[in-house]
Each structure stands twice: as structure tokens, then as C-alpha cells.
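Residue numbers (our numbering), protein chains in the order written: chain F, -17 to 163; chain G, 416 to 692.
Below is one structure, written out as C-alpha cells; comments come after it.
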Amino acid sequence: MIETALSLRGPDPRKPSRRLGDEDIRAALDSVPDPEIPGVSIVELGMIGEIEVGAEGIRVELLPTFVGCPALEMIRESIEARLASYGLPVAVNVSFATPWSSDRISPEGREKLRASGFAPPPPVQAGRGLPMLDVALEPPMACPYCGSFQTTLESVFGPTQCRSIRHCEDCRQPFESFKPV
Amino acid sequence: MTADSAPTVTRRDPASIAQGAAAALNPSARSGLAELLLTMADDEFVSGFTDSEWTGIAPILEEDVAISSIAQDELGHARALYELLASVLDDGRDADAIAYDRAPEEYRHARLLDEPRGDWADTIARRFLYELADEARLASIGDGFAPLTELVAKLRREERYHRMHLVTWIDRLANGGEDSRTRLERALAAAGADAATVFTPLEGESALMQAGILTRSMAHAESAWRGDLTTILVPLGLAVPPEAPLSSAGRAEHSDAFRWLWGQFTSVRRLDPGAVW
């Protein structure tokens, strides 16, 4: 009975109000994996831009790694499914206003890429400008399996738009790397 | 931003933003923009489909992966450009309807891209000439229509990889031996005649320049492209395509090879109109 009376008066004024914020949404999306690299989340890959939360809904800005990324619709559906439990309308807006760059991958994301067998990209530090490809591609990349720098770039183009194929001369393993972009 | 500072969610979907930005343009700039977007999208679309003809049969496995990845990039670029165009036209057609529901003669890609796949030298010659032309065109896009400015910034990051790949192949074929060099020279000469059709003047060009959507004319972009070609081809002892007068027919009057390709890429759409994946 007492509880009913309290709830009729609204939230307990002695407790700080705890409304849904953009950090809650970002934390929730951190459990949405990239469909092509399941060990890393879309937040760690830097694919989530601005988030807005309000009474009328949740808006999430999705920054594609590549314009023609075929996984985009799948990612959009995963975001909508993950946020459905909040009971608010969800709008996922694909945006190029902030161009995705491989520099957006977080330190955790880079470590998880390595653990999944992908060499993380070297920094391009290009801001809105164009990355210096020669600089980004020339230094040898560490093999994600044995750590050796005795590696070669086999092909800039790999099995997905965002990946390249490399080879380690020491452990004789082919491996993939994220394209610096 | 938390719920406290943002009590309502701003509705900012990309289509509405693009529609708003297009509505703010004067009518001649808006129709020029539609023309520009259609030519850019059709170029990327036809180029992507022709590239995809190599999937499974490229000269080496790595190249099979590379050309297929480039094809996927170009088709993705076409989709993004058709989506912008759909917002600018705002006539009820979506990107797929614009891409697939036209007769072959309604496509506005450059005649350079009309040619069939050909052998590997034909593909590399045509793609190299187009890639550098596309780059000169992308470098001509100003900030008069923000959704396009933003998209182009992203496209240029990706096209850098295509350029690097094609320049590598030009070098490889030029220095690979007598057979590859002869084939490349023949292919460059054949494609060279139509290469500048990418810079076919647009009807709305002056309106686009006044609106800041283009920062230079197609003719100026073409001379930048010729300079770029010269720095790559001349050191290899290869000829830069000759200058030819441009007519508005450079993006019309398509070939039988294109009509065949059109039959291929519209076949599913025509079989089951309105089908969704």
C-alpha cells in the first residue's frame, strides 16, 4: 500500500533522477558486434556518431566504414533490435557528415582486432583531408599471430571493402589488415 | 548530450536533410544538380557492373578479389549518389527505381564506359582513364550542396585506393614485356578517343558554378585531368589521348555492348518488379 502511494507521487525525490542518456545507448550498442568481425563491436570500430535521446525517440548516427558496405542494413537492424527494449522509436541515420576514418577505431577495438587475427591500421591522422596512403601503407605491419615485422602487403584489396591481405615471412601465415582510410 | 539537454529528438534523416538543402537552391541550380548527380551515379554504376564481369575470371586470384572489391565500391558509390538524386528530384522514385527502371537510351554515363569488358589491357586502360577523370571531377565539387560535399569527402578517401591500383597496373603492363605493352598501347589508343567524354559539358554548368556546387567547369577539370595523365603516361613512354571537341552526345547514344549489359543488370528487376531483398 505504501509503495503504491509512493509511485502515485512519481519518482522518489530523495534519489537523483536517472533518465536515459546517450551514454546508456552507447553502452548498449557496445554489445552489437560487427557482422563481419564478430569479435569487435560497432562502437569500438568507431561506427557510431552522434546519439540523441528524447521523449519521442532515440536517434543514432551510423558512420559506414565504406560507402558501399553491404553489411550496413544488417548493422542497422541489429541496432534497432538492441534498442527495442527501451520502448522508444529508434531512428538510425546513415551519415557522411563526419567521414568514418580508421583512426576512429578505439584502443580496445584495435586490441580486439589483433586478437581476431586482423592487424589494426596505422594512424592516418588526416582529419577531414585525405589520408597519405604511401605513408600509411609502407611501414611493415606487425603480424597479429607472432608479432613479427617481417611482413609483406600481398594485396590492398581483401575479402571485404575495409580489409587488405598480408603475409608474415616468419610464421608463414597470411593475415588480414584493416585498410587505413 | 543527455535527455536533460535534449528533451526531444531532432528528426534529421539524410533524405529530409538533402530535400531541404535542394529546396533552398534556385530552380536552375537544382536541375543542374540533378543532371550532375545522374551523370556521376550512372558513371559509377556502369563502371561497377562492367568491373564485376571479371569476378571469377580475372587474370590472378588476388586481382579477382581486387577488381570485385573495386566493383563493389563503385556500385556503393552509385547507390549513395542515386539516393541523393532521389531526394533532389523528390518525385516518388527511390534509388533502385532510378537505377533500374530506365530504358538504355536514358542512361547518362560517359561513352568511355560504353565499351565491353574486352581483354585485361582494355579494362585497365579504360578504368585508368576513367579513375583519373572521376578524381578530377570529384575535386571540382564545391560546398554549394552540403550533402554532396560530405559524400564526396568520403568517396575520395576510397577512390585513392582505386587510383593506386590502376596506376600500378599501367606501370606493370607498360613494363611487363612486348605483348603486354603492345596490348596496353592499343587499348589506350582505342579508349583514348572517348576518354574525355567524362567531361561532357553539363547543361546546368553555369548555374552549378554560381551556386558553388561546382568550383570549375568540366573543361577546366578536363585540363587538370590531362596534366595528371601526362605525369603518369609520359615517363612510361605512353601517349596521352588526343584532345577532341566535346559534344553533348558524349553521354547519349549508347552502344550495343551497353544494351547487352543493361539487359544483364536489369534482368532481376524486370523479372519481379518491386521485389525486395
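Cβ coordinates follow ideal geometry from the N, Cα and C atoms, glycine included.
- Message: Check this for me: beta carbons of F/S98 and F/G31, under 7 Å apart or not?
- Response: Your numbering for residue 98 of chain F matches position 116 in the first sequence. Your numbering for residue 31 of chain F matches position 49 in the first sequence. In this structure, F/G31 does not lie closer than 7 Å to F/S98 by Cβ.
- Which chain G residues are close to F/S23, counting only those with a beta carbon under 7 Å from its beta carbon? Residue 23 of chain F sits at position 41 when you count from the first residue of the first sequence. None at all; the shortest Cβ gap to chain G is about 21 Å.
- What separation, rounded to the nearest whole angstrom, lies between the Cα atoms of G/A622 and G/R596? Start at 1 with the first residue of the second sequence, and residue 622 of chain G comes out as number 207. Start at 1 with the first residue of the second sequence, and residue 596 of chain G comes out as number 181. If you take the alpha carbons of G/A622 and G/R596, they lie about 44 Å apart.
- Buried or exposed (CB count within 10 angstroms, at least 16 for buried), F/F131: Taking the first sequence and counting its residues from 1, the one referred to as residue 131 of chain F is at position 149. It counts as exposed.
- In chain order, what residues of the same chain have a beta carbon less than 8 Å from the beta carbon of F/Q155, not counting five sequence neighbours either side? Translated into positions along the first sequence, residue 155 of chain F becomes position 173. C125, Y127, C128, H149, listed in sequence order.
- Item | The beta strand (DSSP E) enclosing F/L135, as first and last residue numbers | Position 153 of the first sequence, counted from the first residue, corresponds to residue 135 of chain F. Note, F/L135: beta strand (DSSP E), 133 to 137.
- Item | Closer than 9 Å at the beta carbon, the chain G residues around F/C128 | One-based indexing of the first sequence puts residue 128 of chain F at position 146. Simply none; closest approach about 23 Å.
- Message: Does the CB of G/P359 have a neighbour CB from chain F at under 7 Å?
- Response: Past the edges of chain G, shown from 416 to 692, lies residue 359 of chain G, and the structure says nothing about it.
- Query: DSSP three-state call for G/S670: helix, strand or coil?
  - Reply: Against the second sequence, residue 670 of chain G aligns to sequence position 255. In the structure shown, G/S670 sits in coil (DSSP, three-state: anything other than H, G, I, E or B).
- Between F/G50 and the rest of its own chain, which residues show a CB-CB distance below 7 Å, the 5 nearest in sequence each way excluded? For this step, residue 50 of chain F is matched to residue 68 along the first sequence. Cβ neighbours of F/G50 beyond the five flanking positions: Q143.
- Message: Three or more C-beta pairs under 8 Å: does that hold for the segment 590 to 608 of chain G against the segment 510 to 522 of chain G?
- Response: no
- Buried or exposed: where does G/D488 fall if 16 or more other Cβ atoms within 10 Å of its Cβ makes it buried? Numbered from 1 along the second sequence, position 73 holds the residue referred to as residue 488 of chain G. Its Cβ being crowded by 16 or more others within 10 Å, G/D488 is buried.
- Listed by chain order, chain G residues near F/G140 by CB distance under 8 Å: As a first step, residue 140 of chain F is located in the first sequence; it is residue number 158 there, counting from the start. What F/G140 touches in chain G: V480, S484.
- Buried versus exposed, by CB contacts within 10 Å (16 or more), G/V691: Along the second sequence, read from residue 1 onward, the residue named residue 691 of chain G stands at position 276. Answer is exposed; the Cβ neighbour count stays below 16.
- Task: Can you check DSSP and say which residues form a bridge with F/A73?
- Result: Numbered from 1 along the first sequence, position 91 holds the residue referred to as residue 73 of chain F. Answer by DSSP bridge pairing, in chain order: F/R41.
- Less than 8 Å between the CB atoms is what I'm expecting for G/L527 and G/T612, so what's the real figure, rounded? Position 112 of the second sequence, counting from 1, holds the residue named residue 527 of chain G. Position 197 of the second sequence, counting from 1, holds the residue named residue 612 of chain G. Sure, about 5 Å apart at Cβ, within 8 Å.
- Message: At the level of alpha carbons, what is the spacing between F/L(-12) and F/L54?
- Response: One-based indexing of the first sequence puts residue -12 of chain F at position 6. One-based indexing of the first sequence puts residue 54 of chain F at position 72. Because the pLDDT of F/L(-12) is 42, which lies under 50, any placement of that residue in the model is unreliable, and the question is left without a value.
- For G/W677, I'd like the list of residues in its chain whose CB is within less than 7 Å of its CB, leaving aside the five on either flank, ordered along the chain. Numbered from its first residue, the second sequence carries residue 677 of chain G at position 262. Correct list, in chain order: P519.
- Message: DSSP has F/S159 in a bridge; who is on the other side?
- Response: Taking the first residue of the first sequence as position 1, residue 159 of chain F is located at position 177. For F/S159, which the question treats as bridged, DSSP gives the partners F/A101, F/S146.
- Given that a residue counts as buried once 16 or more other Cβ atoms are within 10 Å of its Cβ, and exposed if not, what is G/R587? The residue given as residue 587 of chain G occupies position 172 in the second sequence. Per the 10 Å Cβ criterion, exposed.
- Query: Between F/D6 and F/V72, what straight-line distance do the alpha-carbon atoms span, to the nearest angstrom?
  - Reply: Here residue 6 of chain F refers to the residue found at position 24 when the first sequence is read from its first residue. Here residue 72 of chain F refers to the residue found at position 90 when the first sequence is read from its first residue. Rounded to whole angstroms, F/D6 to F/V72 spans 14 Å at the Cα level.
- Task: Could you tell me which uninterrupted beta strand (DSSP E) segments, each at least 3 residues in length, are contained entirely in the segment 478 to 563 of chain G, listed from first to last along the chain?
- Result: none
- Item | Reduced DSSP secondary structure (H/G/I, E/B, other) of F/L27 | By 1-based counting over the first sequence, the position of residue 27 of chain F is 45. Correct three-state label for F/L27: coil.
- Given a limit of 7 Å on CB to CB distance, which residues of the segment 488 to 511 of chain G reach chain F? D488, L490, G491, H492, R494, A495
- Message: For the structure I just gave you, are there three or more beta carbon pairs, one from the segment 440 to 455 of chain G and one from the segment 474 to 491 of chain G, closer than 8 Å?
- Response: no
- Task: Name the one or two DSSP bridge partners that G/L629 has.
- Result: Along the second sequence, read from residue 1 onward, the residue named residue 629 of chain G stands at position 214. Answer by DSSP bridge pairing, in chain order: G/I556.
- Message: Quick check on G/E574: does DSSP put it in helix, strand or coil?
- Response: The count along the second sequence starts at 1 and reaches residue 574 of chain G at position 159. Three-state DSSP puts G/E574 in a helix.
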